[in-house]
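Below is one structure, written out as structure tokens, with a few remarks after it.
Residue numbers (full-length UniProt numbering): 1 to 290.
Dropping the structure here:
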């Protein structure tokens with residue numbers, strides 16, 4: 001017998017799970033709470049399932065909260081008013097930063113809570129629906145029973161699950177944010193450095209993304225120190241000097257921050273003379289930027 005689920009919030013994450021979970025044959029979408037009557041690419045199949053308020057939700061086996069983090073507590077308070085919540089009801093959020101403590105009001109009503117964070121960039125709904133399966137997801141729960149329910153939900157979405165404690169949630173999310181967000185910022189900086197060359201946007205993107213893609217591929221098979229290439233890990237201070245000489249002061253400051261971090265990573269592959277020469281170019285003394 002299929003289990004029923006609701007989704008609160010029909011953004012990219014909500015739409016993706018509304019489409020993916022029913023494909024397993026084990027779950028069916030009962031209702032979706034959305035401020036919009038036309039929730040994106042799923043408008044046709046959701047036409048009769050949209051409800052405007054949480055109070056309008058009928059009983060279901062699970063409630064999936066796919067709203068922004070800063071309103072999760074408010075959503076939990078509204079859910080706590082539902083008269084049909086029971087221990088068998090699973091209530092989860094998708095946040096990678098917030099812990100299950102944000103759902104405490106639901107716990108007081110006796111429901112089971114958890115967190116399922118897909119390690120996936122939901123940039124486009126249709127692409128996410130096609131490509132979500134096979135990716136990792138982090139599961140957080142207070143007990144074994146709740147964790148078992150989360151594993152079942154992850155399996156239905158064809159996600160590869162691993163467990164994480166509430167105490168480590170913020171550090172976990174910080175690491176993923178660095179990997180995802182900072183790489184985009186770094187790509188933007190690299191493309192900005194190319195601007196004076198008057199390349200087309202398409203060529204600039206291909207130059208930067210092509211090398212970044214190769215580096216990411218290397219990182220999938222090697223530790224960062226082994227995957228590192230370029231003038232810093234080669235100890236080539238003359239090339240680094242040439243880099244900073246053609247930059248304006250704002251560019252130079254950004255470059256030095258990234259270069260100093262790269263030098264820290266590369267130290268074990270360099271001799272003391274190479275390290276001192278690079279530190280001089282980058283204005284580093286006693287491990288600090290000047």
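Glycine included, every Cβ here is placed at the ideal spot set by N, Cα and C.
Please read these numbers as outputs of a predicted model, since none were measured by experiment.
Cβ pair residue i, residue j closer than 8 Å
i	j	result
residue 110	residue 140	no
residue 117	residue 103	no
residue 274	residue 235	yes
residue 146	residue 112	yes
residue 9	residue 67	yes
residue 72	residue 6	no
residue 96	residue 176	yes
residue 24	residue 138	no
residue 282	residue 261	no
residue 278	residue 237	yes
residue 31	residue 51	yes
residue 228	residue 265	yes
residue 57	residue 21	no
residue 54	residue 78	yes
residue 3	residue 61	yes
residue 254	residue 162	no
residue 269	residue 233	yes
residue 191	residue 208	yes
residue 105	residue 80	yes
residue 183	residue 212	yes
Beta-bridge partners of residue i, as assigned by DSSP
i	result
residue 213	Paired residues: none, contrary to the question.
residue 117	138
residue 2	Answer is none; residue 2 lacks a bridge partner.
residue 160	136
residue 260	DSSP output for residue 260 lists no bridge partner at all.
residue 63	6 and 91
Per-residue burial, residue i [other beta carbons within 10 Å of its own, 16 or more giving buried]
i	result
residue 27	buried
residue 185	exposed
residue 34	buried
residue 169	buried
residue 98	buried
residue 222	exposed
residue 257	exposed
residue 15	buried
residue 128	buried
residue 76	buried
residue 216	exposed
residue 18	buried
residue 203	exposed
residue 125	buried
residue 123	exposed
residue 136	exposed
residue 91	buried
residue 332	The requested residue 332 does not occur in the structure, where the chain is confined to residues 1 to 290.
residue 263	buried
residue 250	exposed
residue 86	exposed
Collapsed DSSP secondary structure at residue i in the structure displayed
i	result
residue 198	coil
residue 112	strand
residue 27	strand
residue 95	coil
residue 86	coil
residue 232	coil
residue 51	strand
residue 128	helix
residue 186	helix
residue 285	strand
residue 33	strand
residue 220	coil
residue 240	helix
residue 165	coil
residue 247	coil
residue 17	helix
residue 80	coil
residue 68	coil
residue 123	coil
residue 270	coil
residue 11	coil
residue 58	coil
residue 143	coil
Within-8 Å CB hit, residue i to chain B
i	result
residue 247	No chain B is present in this structure, which holds just one protein chain.
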